[in-house]
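Report on the structure given below.
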Amino acid sequence: MTLVPSGPGTRQLADTLLPHLYRACNGHLGDVNWFRTDWQRGGAATGRAVWKTESGEERKVMVKFPIRARELLWMRRLQQPGDTQPPVVPHLYASGSSLESYDLAWIVIEWLPYGPLGKRWHKDHVRRTVDAATRLHKAADLFPVESEMARREDWKQLLESSLESISRNHIDQEEHWITLLQKLKSALPSMVETWRSRETDHWIHGDLHLANALSRVGAEQGEVTLIDLAEIRPGHWVEDAVFLERRLWARPERLEDARPVATMAESRRRLGLPTESKYEDLAAIRRALMAATAPAFMKSEGHPRYLKACRDQLEIAVDRFPND
Numbered sequence: 061m062t063l064v065p066s067g068p069g070t071r072q073l074a075d076t077l078l079p080h081l082y083r084a085c086n087g088h089l090g091d092v093n094w095f096r097t098d099w100q101r102g103g104a105a106t107g108r109a110v111w112k113t114e115s116g117e118e119r120k121v122m123v124k125f126p127i128r129a130r131e132l133l134w135m136r137r138l139q140q141p142g143d144t145q146p147p148v149v150p151h152l153y154a155s156g157s158s159l160e161s162y163d164l165a166w167i168v169i170e171w172l173p174y175g176p177l178g179k180r181w182h183k184d185h186v187r188r189t190v191d192a193a194t195r196l197h198k199a200a201d202l203f204p205v206e207s208e209m210a211r212r213e214d215w216k217q218l219l220e221s222s223l224e225s226i227s228r229n230h231i232d233q234e235e236h237w238i239t240l241l242q243k244l245k246s247a248l249p250s251m252v253e254t255w256r257s258r259e260t261d262h263w264i265h266g267d268l269h270l271a272n273a274l275s276r277v278g279a280e281q282g283e284v285t286l287i288d289l290a291e292i293r294p295g296h297w298v299e300d301a302v303f304l305e306r307r308l309w310a311r312p313e314r315l316e317d318a319r320p321v322a323t324m325a326e327s328r329r330r331l332g333l334p335t336e337s338k339y340e341d342l343a344a345i346r347r348a349l350m351a352a353t354a355p356a357f358m359k360s361e362g363h364p365r366y367l368k369a370c371r372d373q374l375e376i377a378v379d380r381f382p383n384d
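If you want our numbering, it's the 1-based position in the sequence shown plus 60.
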């Protein structure tokens with residue numbers, strides 16, 4: 061993969077704390093070489109190193125800190141000790157919630173040689189990533205779910221923010237955007253009511269896309285391993301499926317071989333997980349809500365090609381959800 065220099069602030073922190081990390085790893089961790097990938101978004105320091113096991117074997121690893129407490133929690137939970145199959149997340153060699161007197165979580169995980177899948181397209185990427193998400197859902201189901209912590213967005217306010225952003229930024233097809241959103245507004249209460257009534261009694265990845273999908277086996281075949289667990293939360297599996305799908309809306313030809321929602325439903329059935337009879341209705345609502353509110357997040361979702369794809373989704377939504 062392509063490596064670019066780490067940011068100066070992160071690198072300075074990493075260099076300061078590195079001696080503490082070596083001590084915490086009890087001599088197993090070799091020299092760390094810091095890097096920053098060209099797809100990396102967060103502020104964590106990441107480094108490559110070699111881990112020497114108790115038997116003297118050497119393993120390539122990645123060091124990452126600081127990380128959020130939630131990522132540390134789930135990296136530990138999903139290790140599946142004693143299972144003959146490798147975990148759906150990277151193997152964890154060492155971890156901690158602090159380094160000396162610093163309140164800072166860290167992990168040392170296996171180095172995954174293939175990916176992320178988002179760097180080069182292959183028709184099986186969606187299916188493989190969906191299968192990995194389903195395995196994560198099943199593994200996470202072993203832990204109690206706090207359904208009341210499910211995300212509850214203020215969709216009315218987000219829609220108003222979209223309308224304001226469209227007028228302020230004069231995005232392409234501004235008047236058409238406003239017309240579509242005004243039509244959707246009258247259907248919004250019933251859509252939101254249906255969405256909020258969804259089952260939220262299982263854990264979801266929360267940030268499922270191809271940049272968080274790697275593999276131990278190969279770039280174009282084999283099981284996928286998921287990274288970046290900081291967004292795991294209670295929710296409905298459709299949220300993960302539509303999140304993955306919407307990252308591909310601007311490249312619709314990539315959805316022809318495997319549509320994430322239908323593919324995830326099939327994957328869940330194979331693993332004995334529930335799908336509900338009206339999951340497609342939930343998926344349609346989620347698509348409409350995500351498309352309608354994209355202009356409210358111009359910094360991350362304002363690419364013209366993506367906004368056009370969102371507008372296309374809204375065209376479908378206003379026909380499916382007529383005005384109340």
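C-beta: ideal position from N, C-alpha, C; glycine also.
Please check the pair residue i and residue j, which I expect to be a contact at CB under 8 Å, by giving their CB distance rounded to whole angstroms.
i: Ala-356; j: Ser-222; result: 5 Å
i: Val-302; j: Arg-365; result: At roughly 19 Å, the Cβ-Cβ gap does not stay under 8 Å, so Val-302 and Arg-365 are not in contact.
i: Thr-260; j: His-296; result: 6 Å
i: Val-148; j: Leu-138; result: 6 Å
i: Leu-391; j: Thr-353; result: Outside the shown range of the chain, which is 61 to 384, sits residue 391, and nothing can be said about it.
i: Pro-150; j: Ile-169; result: 4 Å
i: Glu-283; j: Ala-192; result: 7 Å
Apart from the five residues on each side of it in sequence, which residues of its chain come closer than 7 Å, Cβ to Cβ, to residue i?
i: Arg-187; result: Ala-318, Thr-323
i: Asp-379; result: none
i: Ile-231; result: Trp-237, Pro-355, Leu-367
i: Ala-325; result: Thr-335, Tyr-339
Is the Cβ-Cβ distance between residue i and residue j less than 8 Å?
i: Leu-274; j: Ala-377; result: no
i: Leu-304; j: His-269; result: yes
i: Lys-120; j: Trp-166; result: no
i: Ala-369; j: Ala-310; result: yes
i: Leu-331; j: Thr-194; result: yes
i: Lys-216; j: Leu-333; result: no
i: Leu-202; j: Arg-258; result: no
i: Ala-210; j: Pro-294; result: yes
i: Phe-95; j: Met-251; result: no
i: Ser-225; j: Met-135; result: no
i: Asp-292; j: Ala-200; result: Per the sequence presented here, residue 292 reads as Ile, with Asp not at that position. The answer is yes: Cβ separation under 8 Å.
i: His-185; j: Leu-177; result: yes
i: Glu-208; j: Ile-264; result: no
i: Ser-327; j: Val-190; result: yes
Tell me which residues share the same chain as residue i and place their Cβ nearer than 6 Å to its Cβ, disregarding the 5 neighbours each side in the sequence.
i: His-88; result: Trp-111, Lys-112
i: Asn-86; result: none
i: Gly-90; result: Ala-109, Val-110
i: Arg-130; result: Ala-290
i: Gly-315; result: It should be noted that the sequence gives Leu, not Gly, for residue 315. Excluding positions up to five away in sequence, the list reads Leu-308.
i: Arg-11; result: The structure shown does not extend to residue 11, since the chain is modelled only from 61 through 384, so no value can be given for it.
i: Ser-157; result: Ala-165
i: Gln-373; result: Arg-347, Ala-351
i: Glu-118; result: Val-110, Lys-112
Can you check DSSP and say which residues form a bridge with residue i?
i: Arg-293; result: Ile-264
i: Thr-285; result: Leu-274
i: Thr-152; result: Contrary to the premise, residue 152 reads as Leu rather than Thr in this sequence. BP columns for Leu-152 point to Ile-169.
i: Val-110; result: Lys-120
i: Phe-203; result: DSSP lists no partner for Phe-203.
i: Phe-125; result: Ala-105
i: Leu-387; result: Lying outside 61 to 384, the shown extent of the chain, residue 387 is not represented and no answer is given.
i: Tyr-366; result: Paired residue(s): none; Tyr-366 is not in a bridge.
i: Leu-159; result: Tyr-162
i: Tyr-174; result: Ser-275
i: Leu-89; result: Trp-111
Return the residue from the list the options that minimises the CA-CA distance to residue i.
i: Glu-160; options: Ala-105, Asp-372, Arg-83; result: Arg-83
i: Thr-76; options: Pro-126, Ala-344, Glu-117; result: Pro-126
i: Ala-271; options: Glu-299, Gln-242, Leu-308; result: Leu-308
i: Gly-278; options: Leu-315, His-182, Lys-216; result: His-182
i: Pro-173; options: Arg-329, Arg-276, Gln-281; result: Arg-276
i: Asn-93; options: Glu-114, Arg-71, Ser-207; result: Arg-71
i: Leu-152; options: Gln-145, Trp-171, Leu-164; result: Trp-171
i: Asp-267; options: Glu-280, Arg-306, Gln-281, Asn-229; result: Arg-306
i: Glu-280; options: Glu-375, Pro-312, Lys-179, Asn-229; result: Lys-179
i: Thr-285; options: Gly-175, Pro-312, Leu-374, Ser-337; result: Gly-175
i: Leu-103; options: Ser-115, Glu-117, Glu-118, Arg-128; result: Looking at the sequence shown, residue 103 is not Leu but Gly. Checking every option, the nearest Cα to that of Gly-103 belongs to Arg-128.
Looking only at its own chain, which residues have a Cβ that is under 8 Å from the Cβ of residue i, when we skip the five neighbours before and after it?
i: Arg-371; result: Gln-233, His-236, Trp-237, Leu-240, Ala-351
i: His-80; result: Leu-159, Glu-160, Tyr-162
i: Ser-66; result: Here Ser-66 scores only 45 on pLDDT, less than 50, and its place in the model should not be relied on; the value that follows carries that caveat. Within the same chain, Ser-66 has close Cβ partners Ala-74, Trp-94, Phe-95, Arg-96, Ala-105, Thr-106.
i: Thr-254; result: Asp-341, Leu-342, Ile-345
i: Leu-78; result: Val-92
i: Arg-212; result: Arg-256
i: His-363; result: Ala-310
i: Pro-312; result: Ala-369
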